[in-house]
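Residue 13 in the numbering used here is what sits at position 13 of the sequence shown, and the numbering runs on without skipping anything. Beta carbons: idealized from backbone N, C-alpha and C, even for Gly. Treat the numbers as computed from the prediction; the structure is a model and nothing was measured.
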Amino acid sequence: MAASKPPLRLLAEDADDLAVISAALQDAVCQIGDIAYQASARQLTLALNRYRWENGARTQERVRTGLQFGGVMAVKTRNLRRDAKDAVVELLAISFEPGEAPGGVIILTFAGGGDLRAEVEMIDIIAADLSSPWPTPRAPKHDLT
1 MAASKPPLRL LAEDADDLAV ISAALQDAVC QIGDIAYQAS ARQLTLALNR
51 YRWENGARTQ ERVRTGLQFG GVMAVKTRNL RRDAKDAVVE LLAISFEPGE
101 APGGVIILTF AGGGDLRAEV EMIDIIAADL SSPWPTPRAP KHDLT
C-alpha cells in the first residue's frame with residue numbers, strides 16, 4: 001500500500017495563493033457551529049472536513065482541516081442558517097475581490113447559494129490539516145453541464 005500524502009500546510013498572502021487554498025478545500029464540509037468570528041482578535045476560523053483531492057482516485061479520504069483568516073474587519077453572511085449550529089454546509093470556492101490595497105473582501109461560496117464575505121485588511125490565511133485522514137464512502141461529484 002502506498003504511503004499517504006503528508007498533511008496539508010498552506011499559507012496565502014495574495015490572490016494566487018488563495019486560489020491554491022480554494023482548490024484544496026473544494027467540497028470541504030463543516031457545521032455552521034464550526035465557523036467562528038472573533039472581532040476582538042480580528043480572526044475568522046473554520047473547522048472543516050476536507051476531501052483529500054491530492055490522493056487522486058486511489059483513496060477516498062477526508063481529514064479535519066483548520067482554516068484561519070487574519071486581519072478580518074467584518075463578516076457578513078447570506079443564506080446561511082446561523083441559528084442551526086449543526087447545519088452542514090459544503091464549501092465550493094474561496095475568492096477575493098480587491099478593495100483598497102492590500103485589502104478587500106474574501107468570499108466563501110457554499111453549495112445551495114449561501115456565502116460568507118470577510119472584509120480583510122490583506123490576504124492573511126492559514127490552512128492546515130489537524131487530524132489523521134479517515135476513509136469516506138464516496139467522492140464528491142460535479143455535474144459537467
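Residue j beta carbon less than 8 Å from that of residue i
{"i": "Ala47", "j": "Gly70", "result": "no"}
{"i": "Ser131", "j": "Arg64", "result": "yes"}
{"i": "Ile125", "j": "Leu25", "result": "no"}
{"i": "Arg50", "j": "Ala28", "result": "yes"}
{"i": "Leu10", "j": "Ala127", "result": "yes"}
Among the options, nearest to residue i - alpha-carbon criterion
{"i": "Leu8", "options": "Arg62, Leu116, Ala118, Leu91", "result": "Arg62"}
{"i": "Ser22", "options": "Arg52, Ser131, Gly112, Lys5", "result": "Arg52"}
{"i": "Gly112", "options": "Ser40, Ser95, Ala87, Glu100", "result": "Ala87"}
{"i": "Glu172", "options": "Lys141, Ile126, Val120, Ala24", "result": "This structure cannot speak to residue 172, because the chain is shown only from 1 to 145."}
{"i": "Asp115", "options": "Ala128, Glu54, Leu92, Val72", "result": "Leu92"}
{"i": "Asp16", "options": "Phe96, Arg117, Pro133", "result": "Phe96"}
{"i": "Gln133", "options": "Gln60, Asp83, Arg117, Arg82", "result": "The sequence given here has Pro at residue 133, not Gln. Nearest of Gln60, Asp83, Arg117, Arg82 to Pro133, Cα basis: Gln60."}
{"i": "Gln68", "options": "Lys5, Arg42, Arg81", "result": "Arg42"}
Beta-carbon proximity list for residue i, same chain, < 6 Å, skipping 5 on both sides
{"i": "Pro102", "result": "Met122"}
{"i": "Tyr37", "result": "Leu44, Val75"}
{"i": "Asp129", "result": "Pro7, Leu8, Val63, Thr65"}
{"i": "Met73", "result": "Glu119"}
{"i": "Ala12", "result": "Leu18, Ile21, Ile123, Ile125"}
{"i": "Leu80", "result": "Gly114"}
7 Å Cβ shell around residue i - same chain, five flanking residues per side excluded
{"i": "Met1", "result": "Any reading at Met1 needs caution, since the residue's pLDDT is 40, under 50, leaving its predicted position unreliable; the model's value is listed next. Hits under 7 Å: none found."}
{"i": "Asp14", "result": "Ile123"}
{"i": "Asn55", "result": "Lys5, Glu61"}
{"i": "Arg82", "result": "Ile32"}
Where residue i falls, given that 16 or more other Cβ within 10 Å makes a residue buried
{"i": "Leu44", "result": "buried"}
{"i": "Pro98", "result": "exposed"}
- Touch check for the segment 126-143 and the segment 105-115: three-plus C-beta pairs under 8 Å? no
- Query: Are three or more beta carbon pairs between the segment 74-89 and the segment 26-39 nearer than 8 Å?
  - Reply: yes
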